[in-house]
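Scroll down for the structure; my scribbles are underneath it.
Number of protein chains: 2
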Amino acid sequence: MTDIYKAIADATRRAILDELVDRDGQTLFELCARLAMRHGIASSRQAISQHLDVLADAGLVHTRRVGRTKVHYRDIRPLEEIVTRWPADSPTETPDDAAGQGTEEQP
Amino acid sequence: MTDIYKAIADATRRAILDELVDRDGQTLFELCARLAMRHGIASSRQAISQHLDVLADAGLVHTRRVGRTKVHYRDIRPLEEIVTRWPADSPTETPDDAAGQGTEEQP
DNA sequence: TTGACAGGCAAGTAAGAACTTGCCTATTGT
DNA sequence: ACAATAGGCAAGTTCTTACTTGCCTGTCAA
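Going down the list, the protein sequences come from chains P and B.
Going by our numbering, the first sequence opens with residue 22, and the numbers climb by one from there.
Going by our numbering, the second sequence opens with residue 22, and the numbers climb by one from there.
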């Protein structure tokens, strides 16, 4: 079982999820074509297939055989864990000055 | 600039964020100790430091020099992008049957 | 039945990520 | 001033990940 964090760490897999949100129930070849067209992703069929395996392993994509094709459905509910894990912002300590939160120190 | 998806892909970095949510404004040595105590993470100081660099590079952690210490503050607002990118669930196509969404095909 | 289409399996390669090792700088306390 | 504390820098190692390459298995249409 791959965890969802590793699954969405890859930009191509995020694009696959985007594509499935835009049009659910696509086959592998459809996804390859649309990823190339609308996302500028020129990965091979095998590469996309392996990405889909990772997404399915994380529970973000479910598949169903139809004939000689395999249809892919998104399921983004597992991503809700991210929101519940780090909700909005609940400051336990006072953030001191709100403005002076420089990312680096100044000389 | 590291993207937030790569940043939270690592389990140790997620534990660091958890730790900073529990107690904001910790130093590197404090984090090392508390990660070992409460999360069972036995990484070296340098490893944690490099993880903090990645988190800071993704904008999830801001730092401030205090004396000879460096205090780390969480900032989980960048994670809101994930929620806005894949909101709840908005089915564009009909999910067909709700129950029969088997992950794999049955013979 | 034959061939084209859709996809799967598995080994190998290559790039990147995590971690280590060794040494260096700056600040504080005595 | 000197030592201890808190951290930084950089090269090297190892392990993971993304991708390729080559071939094989089903399914449908003519």
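Glycine included, C-beta positions come from ideal geometry on N, C-alpha and C.
None of these values were measured; they are calculated from a predicted model.
Which one of B:Ile62, B:Ala36, B:Thr48 has the shortest CA to CA distance from Ala93 (chain B)? As written in the sequence, residue 93 (chain B) is His, which differs from the Ala given in the question. The shortest C-alpha separation from His93 (chain B) is found at B:Thr48.
At the level of alpha carbons, what is the spacing between Ile103 (chain B) and Gly61 (chain P)? For Ile103 (chain B) and Gly61 (chain P), the distance between alpha carbons rounds to 21 Å.
By the 9 Å beta-carbon criterion, what residues does the region 90 to 113 of chain B contribute toward chain P? The residues in question are Lys91, Tyr94, Arg95, Asp96, Ile97, Arg98, Leu100, Glu101, Ile103, Val104, Arg106, Trp107, Pro108, Ala109, Asp110, Ser111, Pro112, Thr113.
Using a Cβ distance threshold of 8 Å, determine whether the region 48 to 59 of chain P contacts the region 30 to 48 of chain B, with at least three qualifying pairs required. When Cβ pairs closer than 8 Å are counted between the two stretches, the region 48 to 59 of chain P is seen not to touch the region 30 to 48 of chain B, the count staying below three.
Identify the contact partners of Leu38 (chain P) in chain B, using a Cβ-Cβ distance below 9 Å as the criterion. Here the neighbours are Arg106, Trp107.
What separation, rounded to the nearest whole angstrom, lies between the Cα atoms of Ala109 (chain B) and Leu41 (chain P)? A straight-line Cα-Cα distance of about 14 Å links Ala109 (chain B) and Leu41 (chain P).
Limits of the unbroken beta strand (DSSP E) element including Thr84 (chain P): It spans 82 to 86 - the beta strand (DSSP E) in which Thr84 (chain P) sits, taken as one unbroken run.
When we look at the beta-carbon of Val87 (chain B) and count the other beta-carbons within 10 Å, is it buried (16 or more) or exposed? It is exposed - the Cβ of Val87 (chain B) has fewer than 16 other Cβ atoms within 10 Å.
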